[in-house]
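Peer 1: For the sequence shown, the residue numbers in the UniProt record's numbering are 1 to 231. Even for Gly, the Cβ is constructed at its ideal location relative to N, Cα and C. Sharing a structure, written as structure tokens. Questions coming.
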Amino acid sequence: MEHDVSILGLFLQAGLIVKMVMIGLLGASIWTWAIVIDKSIAFKRMRSQLNRFEETFWSGQSLEDLYRTLADRKTSGMGSLFVAAMREWKKSYERGARSPISLQSRIDRAMDVALMREMDKLEARLGFLASVGSIAVYVGLFGTVIGIMTSFQAIAGSDSTNLAVVAPGIAEALLATAIGLLAAIPALLAYNKLTTDAGKIGSRLEAFADEFSGILSRQIDERASQRTAAE
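Below is the structure:
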């Protein structure tokens, strides 16, 4: 009996379980590349937004004008932190807040919540890459073991142990491991790269939050001093 030893031929000749393993791994690989492309574009866009916001923020424009510009827009990155802090600032003063310490605490909490949301967006779906990178090889090995077991069972039921008879079945089984590696290696590399990029963006957001908190803290102290002097 002649065997087709092309990749497509080996896939078509494989058993049902091995085929299911291969299809699952191929699907995971395709989804991995979709996530990598989407995240790469999103991170590049985020870095551009951060650069533009920092340029605007440090241009000397008043905080009130910048807040009015961004308040009704869908913001992300530093813009979200800025709007969250300014919204809490304005709400507190409109309600007659008199404790600078509690006001500063509320502003910091508002920025912390906004920062957590931004980090959740940055890290979304990265866990899938980590999972594929860690288990795809083992899933492929599972398919290989099943395929080799099936091949040896077929050999045991035949009268021939010729390499030409054994090789196609083993090749079908090893194809599952190859596909597992094809899915796992890019996923692991992409996870490490994208996690590092997300961490760098997160560090920039945290640095801005600290700087902006310091700016608002000074303004809170100035207003508290003016109020005390007026009284």
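(1) Alpha carbon to alpha carbon, what distance is there between Thr32 and Ala184?
(2) Give the C-beta separation of Ile17 and Ile146 to the nearest angstrom, bearing in mind that I take them to be a contact with Cβ-Cβ under 8 Å.
(3) Excluding the 5 residues preceding and the 5 following Phe208 in the sequence, name in chain order all residues of the same chain whose CB lies nearer than 6 Å to its CB.
(4) Closer than 7 Å by C-beta to Met86: which residues in its own chain qualify, once you throw out the five before and the five after it? Chain order, please.
(5) Have a look at Arg204, Ala173, Ser48 and flag the residue whose alpha-carbon is nearest the alpha-carbon of Leu12.
(6) Since Arg42 is in the alpha helix (DSSP H), which residue starts that stretch and which ends it?
(7) Going straight from the alpha carbon of Leu10 to that of Thr150, what length do you get?
(8) Do three or more CB pairs link the stretch 186-202 to the stretch 124-139 at distances below 8 Å?
(9) Tell me which residue opens and which closes the alpha helix (DSSP H) that Thr69 is part of.
(10) Whose C-alpha, out of Phe212, Glu88, Leu188, Ala114, is nearest the C-alpha of Ser102?
Peer 2: Well, looking at it:
(1) Taking the first residue of the sequence shown as position 1, residue 184 is located at position 184. Taking the first residue of the sequence shown as position 1, residue 32 is located at position 32. Whole-angstrom Cα-Cα distance: 9 Å.
(2) As a first step, residue 17 must be located in the sequence shown, where it is residue number 17. As a first step, residue 146 must be located in the sequence shown, where it is residue number 146. With a beta-carbon spacing of about 5 Å, Ile17 and Ile146 fall inside the 8 Å limit used to define contacts.
(3) Position 208 of the sequence shown, counted from the first residue, corresponds to residue 208. Around Phe208: Met78.
(4) Working through the sequence shown from its first residue, we reach residue 86 at position 86. Counting only Cβ-Cβ distances below 7 Å, and skipping sequence neighbours, we find Leu63, Tyr67.
(5) Numbered from its first residue, the sequence shown carries residue 12 at position 12. Residue Ala173 is the option with its Cα nearest to Leu12.
(6) Taking the first residue of the sequence shown as position 1, residue 42 is located at position 42. Checking the displayed sequence, the identity of residue 42 turns out to be Ala instead of Arg. Start and end: 16-57.
(7) As a first step, residue 10 is located in the sequence shown; it is residue number 10 there, counting from the start. As a first step, residue 150 is located in the sequence shown; it is residue number 150 there, counting from the start. Whole-angstrom Cα-Cα distance: 14 Å.
(8) Touching, yes, given that three or more Cβ pairs across the two stretches are closer than 8 Å.
(9) Start at 1 with the first residue of the sequence shown, and residue 69 comes out as number 69. For Thr69, the enclosing alpha helix (DSSP H) covers residues 63-70.
(10) Within the sequence shown, the letter at position 102 stands for residue 102. Per the Cα distances, Glu88.
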